[in-house]
Amino acid sequence: MLVRNRLVNAQPIAVFDSGLGGLTVLRALRERLPHEDFFYFADTRFLPYGDRPEMFLRERGVLIAEALVKRGAKALVIACNTATAAAAEAIRAAIAVPVVALEPGVKPAVALSKTGVIGVLATTRTLASERFQRLVGNHANGHRVIAQPCPGLAEAIEAEGPDSAAVAALLDTFVAPLAAAAADVVVLGCTHYPCVSAAIAGRMPAGTVLLDTGEPVARQLERLLAAGNLVGGGAGRLTVATSGAPAAVIATVDRIFGQKLKIEHWEP
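So the numbering used here is basically just the index in the sequence shown, starting at one, shifted up by 97.
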């Protein structure tokens, strides 16, 4: 049964991720839609999603989506490539609000590449998904796509910090094959990776283009809100919640948004 609410313009937009990587998407959403209220949910109790079975991710994604709609969301952004690959179709079938899901930007990368070689940095599960394989099959257009799994990178960014030695060592390993293959466009296929975009760029030849999904997702959400007559005109309030310990996410949220926010504990 579809979960619905009475969609009104003043209701918030819900955004969820397994952790804090989706805050990079949320930042782009708030920049483009400053008068919308947002509710961000970090499902840190089950971080990382990449280690979870696909069935678990599908069921968890639907549970979260239904709970967010019941809480009053007028639209939903799945700010996680792994959750998108496993659960986007099931979520769209379960709720009756607009849904925007992430996918690695293979199509725009192909359009930008001059060498015919593009790199995709993502989790192992995202790259192995049928959704990603279909994306490459439909849009590679003769280009060489180097799909580089990055096991442990999102977790290290979250646990150790983007400037840590652990993250630097992982980047040395994962970025080297893309630089060696002369990829001139690199797709950041996980929402955590924009946090280390400068470090990735520093390991690639000068002029390499890095693509993330924040801005395209913001544009798509803007289109859907306009089409559904759901554009808000509020104060741009932000609420952040986590299924884990609020104290563990406060510093990251404060750093990204430059403001002190009270973090809720919330379990769908």
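Backbone N, C-alpha and C fix where the C-beta goes; we use that ideal spot for every residue, glycine too.
C-beta atoms of residue i and residue j nearer than 8 angstroms
| i | j | result |
| --- | --- | --- |
| LEU275 | GLN245 | yes |
| LEU209 | VAL283 | no |
| ALA220 | ALA279 | It should be pointed out that residue 220 corresponds to Thr in this sequence rather than to Ala. No, these two residues do not count as a Cβ contact at 8 angstroms. |
| VAL272 | ARG241 | no |
| ASN238 | VAL207 | yes |
| ALA191 | SER115 | no |
| ALA176 | LEU144 | no |
| ALA162 | ARG222 | no |
| ALA298 | ALA265 | no |
| ARG155 | ALA187 | yes |
| PRO365 | ALA164 | yes |
| ALA172 | LEU308 | no |
From the options, residue whose alpha carbon lies closest to that of residue i
| i | options | result |
| --- | --- | --- |
| ARG142 | SER340, LEU199, LEU250 and SER226 | SER340 |
| HIS289 | PRO131, VAL122, ALA107 and PRO109 | VAL122 |
| HIS362 | PRO343, ALA262, GLY116 and SER115 | PRO343 |
| ALA184 | PHE153, ASP309, ASP269 and GLY202 | PHE153 |
| PRO201 | ARG155, ALA324 and VAL233 | VAL233 |
| GLU128 | ALA170, ILE360, ILE353 and ALA298 | ILE353 |
| ILE254 | ARG320, GLY119 and LEU104 | GLY119 |
| CYS287 | ALA263, ALA277, ALA251 and GLU257 | ALA251 |
| GLU312 | ALA303, ASN106 and ALA125 | ALA125 |
| VAL166 | GLY147, GLU151, PRO195 and TYR146 | PRO195 |
| GLY169 | VAL105, ALA303 and ILE360 | VAL105 |
| ALA256 | ALA345, SER226 and GLY158 | ALA345 |
| PHE367 | ARG157, SER226, ARG231 and ARG320 | Nothing can be reported for residue 367, as the shown portion of the chain is limited to 98 through 365. |
| ALA277 | GLY216, SER261 and ARG228 | GLY216 |
Rounded Cβ spacing between residue i and residue j (contact assumed at less than 8 angstroms)
| i | j | result |
| --- | --- | --- |
| LEU160 | LEU218 | Contact doesn't hold; Cβ gap of about 29 angstroms is too wide. |
| THR310 | LEU117 | The Cβ separation is near 16 angstroms, so there is no contact. |
| ILE243 | VAL214 | 7 angstroms |
Beta-carbon contacts of residue i that lie in its chain and below 6 angstroms, excluding the five residues immediately before and after
| i | result |
| --- | --- |
| VAL306 | LEU209 and VAL282 |
| PHE136 | PRO109, ALA111 and THR336 |
| VAL197 | VAL174, VAL314, GLN317 and LEU318 |
| HIS132 | GLY329, GLY330, GLY331 and GLY333 |
| LEU224 | ALA244 and PRO246 |
| LEU322 | VAL328 |
| LEU358 | VAL337 and VAL350 |
| GLU151 | ALA183 |
| LEU99 | ALA193 |
Same chain, Cβ closer than 8 angstroms to residue i, neighbours up to 5 away in sequence not counted
| i | result |
| --- | --- |
| GLY64 | Not covered by the structure: residue 64. The range shown for the chain is 98 to 365. |
| CYS292 | GLY118, THR121, ILE254 and PRO259 |
Local conformation of residue i per DSSP, three classes
| i | result |
| --- | --- |
| ALA193 | coil |
| GLU361 | strand |
| ALA170 | coil |
| GLN245 | strand |
| ASP351 | helix |
| THR221 | helix |
| ASP134 | coil |
| THR339 | strand |
| ASP114 | strand |
| GLY258 | coil |
| ALA332 | coil |
| ALA182 | helix |
| GLY234 | helix |
| VAL214 | strand |
Min CB distance residue i to chain D below 8 angstroms
| i | result |
| --- | --- |
| ILE243 | Absence of chain D from the displayed structure is noted, only one protein chain being present. |
Proximity test, residue i beta-carbon vs the ligand HEM heavy atom, cut-off 7 angstroms
| i | result |
| --- | --- |
| ASN178 | Absent from the structure shown: the ligand HEM. Ligands present: none. |
Cutoff 7 angstroms; reference residue i; Cβ partners in own chain excluding five residues on either side
| i | result |
| --- | --- |
| ARG149 | PHE143 |
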